[in-house]
Amino acid sequence: MLSLKFLFANAESLVVVLRFEKDETVGGLKEALLKSWPADVPPAETAQIRLICMGRGLTDDAKTLEELQLPTFDAYPTPINVAIRPKHRLVEAAQEAVLTKAPSRTARSSTSGGSYTCCTVS
17 MLSLKFLFAN AESLVVVLRF EKDETVGGLK EALLKSWPAD VPPAETAQIR
67 LICMGRGLTD DAKTLEELQL PTFDAYPTPI NVAIRPKHRL VEAAQEAVLT
117 KAPSRTARSS TSGGSYTCCT VS
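What follows is the structure in C-alpha cells.
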C-alpha cells in the first residue's frame, strides 16, 4: 500500500490523504480524489486535475503507481500537488492539439503542388 497526501494549489490548509495499491492508475487516483474532494475547492472533472509529485507531472492516466516509481517514505505519506486546470484551458488545449497535428505550410506545398487548405476550429 502506498499512502499519498494530496496538497491543493492555493489552499495550503486543504489536504487529503488516501491509500492505494501499487497497481492503481493515475486515472484511478483522480477518481478516488474526486470522491474525497474538499468542500472548499470548486468541483472539477478528471480532465482538469493535474497531479505533480516531486516536480514530475503524472500526466498519463493509464500508468500505474508502480510504473511511475513514486518515492515512498516510512514516516509520512508521499506528497502530491493538485492543480486544477480551468475548463476554458481544456478547450484551448484541444484546439491547439488539432492545429499542431496539421501538416506544416512547407510540407503541404511540397506534397500537394502548392495548394493550401483552411481549417476553422470552433
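Counting in my numbering, the sequence shown runs from 17 upward without gaps. C-beta: ideal position from N, C-alpha, C; glycine also. Model, not experiment: these values are computed from the prediction.
Are residue i and residue j closer than 9 angstroms when you measure CB to CB?
| i | j | result |
| --- | --- | --- |
| valine 42 | leucine 74 | yes |
| leucine 67 | lysine 46 | yes |
| isoleucine 100 | cysteine 69 | no |
| proline 54 | alanine 27 | yes |
| alanine 48 | valine 98 | no |
| glutamate 61 | lysine 103 | yes |
| leucine 86 | isoleucine 65 | no |
Just to check my reading of the structure: residue i and residue j have Cβ atoms closer than 8 angstroms, yes? What is that Cβ distance to the nearest angstrom?
| i | j | result |
| --- | --- | --- |
| leucine 20 | threonine 94 | 5 angstroms |
| threonine 88 | leucine 34 | Going by Cβ atoms, the distance from threonine 88 to leucine 34 rounds to 14 angstroms, so no, they are not a contact pair. |
| phenylalanine 36 | leucine 81 | 6 angstroms |
The alpha helix (DSSP H) spanning residue i covers which residue range?
| i | result |
| --- | --- |
| leucine 86 | From DSSP, leucine 86 is part of no alpha helix (DSSP H); its letter is neither H nor E. |
Output the boundary residues of the beta strand (DSSP E) element that contains residue i.
| i | result |
| --- | --- |
| alanine 99 | 94-100 |
Does the distance between the C-beta of residue i and the nearest non-hydrogen atom of the ligand HEM fall short of 8 angstroms?
| i | result |
| --- | --- |
| glycine 71 | No copy of the ligand HEM appears in this structure; indeed no ligand is present at all. |
Give the list of continuous beta strand (DSSP E) stretches no shorter than 3 residues that lie fully inside the segment 23-73.
31-36, 65-69
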